[in-house]
Amino acid sequence: EQNAIPSLRKALKDVAMEKDAAVVAREDLLAQIRTLKKRMKEAEEEQYRAEEDAAALRAELNSLQQQTMSGLSGGFPAGGSSTDQMQVMEKELSDLRSQLEQMSMLRQQERQILAEEQARTSSLTFEKQELEEKLLSLSNRISGITNCFCRFNLESYCNLVYQQVIEDS
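Structure follows, in structure tokens:
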């Protein structure tokens with residue numbers, strides 16, 4: 002009986018420490034999940050802005066192409082500046098194409114980052130569930146050890162009372 006009490010106390014202390022560690026780990030995971038959700042939201046917003054910018058660039062590119070085509074089909078105005086105007090428009094067109102390609106690359110990168118963040122969030126959510134299950138298991142173990150400890154103390158108390166009754170008789 003004397004050896005059982007210290008071992009029960011040690012087991013209770015060990016389980017309580019494991020439970021505390023699981024609670025801390027769960028809180029850390031929750032903080033990581035909140036951070037990842039915030040980063041995912043920012044990435045989605047950035048992707049949305051990039052798509053809007055790309056649409057605006059495409060519209061501007063189409064407009065310039067139409068202007069170029071109408072300038073070519075409508076003939077050139079009198080004067081020597083038509084070649085200069087064509088070169089300027091071709092340069093603008095080239096710049097717009099370059100910007101559109103860059104925006105497309107950025108959008109693709111944002112999609113990749115978003116997919117990675119979503120995968121990491123799923124992984125952390127799964128890990129959080131595992132920790133919550135472990136926490137529940139540890140809580141049940143603590144409850145069982147506490148019940149065992151209480152029964153043991155009650156039995157010890159009854160034995161002491163019984164011995165005193167026998168001694169008093």
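In this note's numbering, each residue carries its 1-based index in the sequence shown increased by 1.
Note that beta-carbon positions come from the ideal geometry of N, C-alpha and C, so glycine has one too.
All figures in this text were calculated on a predicted structure; none of them were measured in a lab.
*Would you report the Cα separation of residue 143 and residue 152, rounded to the nearest angstrom?*
14 Å
_Suppose you measure from the CA of residue 46 to the CA of residue 68; what does that come to, to the nearest Å?_
33 Å
*asked:* Which same chain residues end up closer than 6 Å to residue 64 when comparing Cβ atoms and leaving out the 5 residues on each side of it in sequence?
replied: none
*Select from 59, 124, 116, 111 the residue whose C-alpha is nearest the C-alpha of residue 100.*
Among 59, 124, 116, 111, the Cα nearest to that of residue 100 is on 59.
*Over the uninterrupted alpha helix (DSSP H) stretch that includes residue 4, give me the two end residues.*
Note, residue 4: premise wrong, no alpha helix (DSSP H); not H, not E.
_Close Cβ partners of residue 163 (< 6 Å) along its chain, the five nearest in sequence each way excluded_ = none
*Proximal residues to residue 125 (C-beta, below 6 Å), its chain only, five neighbours per side dropped*: 30, 33, 34
*Would you mind stating whether residue 137 and residue 23 have Cβ atoms separated by less than 7 Å?*
Cβ distance not < 7 Å, so residue 137 and residue 23 don't count as in contact.
*asked:* If distances are taken between C-alpha atoms only, which option among 135, 148, 160, 158 comes closest to residue 9?
replied: 148
*Own chain residues within Cβ distance below 6 Å of residue 18, not counting five before or after*: none
*Secondary structure of residue 77, DSSP reduced to three states*: Here the model assigns residue 77 a pLDDT of 49, short of 50, so the residue's position is not dependable, and the following value carries that caveat. Residue 77 falls in the coil class under three-state DSSP.
*Identity of the residue in 70, 44, 146 nearest residue 117 by Cα*: 44
*Please name the residue in 139, 135, 155, 51 whose C-alpha comes closest to that of residue 109.*
51
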